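In the numbering used here, the protein residues as written are 39 to 243.
Everything below concerns the one structure shown next.
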């Protein structure tokens, strides 16, 4: 399962290492238990810090972006995470390979949108409908397909209807993901025309 906004894996890993280290120091190295425990505690604290997942929007200049924009983007992403996780889980539950691959593609596109919004929070408004409407609906439809498929006698027509909706949802996902790229291109077309005009004036072609 993808780590959409980070998790507590650093605490788990630090705990596992400490659980192994203390007995090794005590029994294998012959160290007094209290000394091994102190060393284990220090190692645990260090690993928790070193392995801590990167925080959402870490490294971005709040003054440049604006606290309001950052808060809006954070709220959108955090609210969308459960739907993204459900979409991934549904892909694992679907046995039809083609449909499972399509649902995984939807999850991959969603992950791309998450990364883009995190890198550029001001773009969040452009994908607000995607994150708050299309992503949750896609998760529901994918889960519905998995539920129908799990029946002893699945309704073939119903499965085909759901497949058709997933195809349209894929188009919507691609549209919103590409809209972020188009937004990033900004004035490229205008810049190209100006460059071509300058080249024609200076070089005659």
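Yeah, the Cβ is synthetic: ideal placement off N, Cα and C, and Gly gets one too.
For clarity, every value in this text was computed on a predicted model and none was experimentally measured.
Just the C-alpha distance for residue i and residue j, rounded to the nearest angstrom, thanks.
i: residue 171; j: residue 123; result: 15 angstroms
i: residue 58; j: residue 66; result: 11 angstroms
i: residue 182; j: residue 143; result: 17 angstroms
i: residue 232; j: residue 198; result: 50 angstroms
i: residue 116; j: residue 152; result: 10 angstroms
i: residue 166; j: residue 239; result: 44 angstroms
i: residue 54; j: residue 82; result: 9 angstroms
i: residue 193; j: residue 202; result: 14 angstroms
i: residue 74; j: residue 84; result: 15 angstroms
i: residue 218; j: residue 154; result: 8 angstroms
i: residue 56; j: residue 190; result: 48 angstroms
i: residue 207; j: residue 220; result: 20 angstroms
i: residue 62; j: residue 105; result: 49 angstroms
i: residue 156; j: residue 128; result: 25 angstroms
i: residue 125; j: residue 113; result: 19 angstroms
i: residue 213; j: residue 136; result: 21 angstroms
i: residue 64; j: residue 51; result: 20 angstroms
i: residue 237; j: residue 230; result: 10 angstroms
i: residue 195; j: residue 145; result: 25 angstroms
i: residue 77; j: residue 69; result: 11 angstroms
Can you tell me which of the options puts its alpha carbon nearest to the alpha carbon of residue i?
i: residue 132; options: 65, 115, 185, 143; result: 185
i: residue 164; options: 198, 194, 211; result: 211
i: residue 72; options: 60, 82, 81; result: 60
i: residue 119; options: 198, 150, 191; result: 150
i: residue 138; options: 204, 174, 209, 70; result: 204
i: residue 147; options: 135, 128, 196, 209; result: 209
i: residue 188; options: 237, 113, 63, 130; result: 130
i: residue 216; options: 236, 69, 168, 78; result: 168
i: residue 200; options: 242, 214, 141; result: 141
i: residue 174; options: 69, 145, 121, 134; result: 121
In terms of residue numbering, what span does the alpha helix (DSSP H) encompassing residue i cover?
i: residue 183; result: 173 to 187
Legend entry - Touching by the beta-carbon criterion (3+ pairs, under 8 angstroms), the segment 152 to 160 and the segment 174 to 188: no
Inset, instruction - For the segment 109 to 159, list the alpha helix (DSSP H) runs that are entirely contained and at least 4 residues long, ordered along the chain. - result: If we require 4 residues or more, the alpha helix (DSSP H) runs fully inside the segment 109 to 159 come out as 135 to 157.
Legend entry - Segments of 4+ residues assigned as alpha helix (DSSP H) that fall wholly inside the segment 47 to 87: 47 to 61
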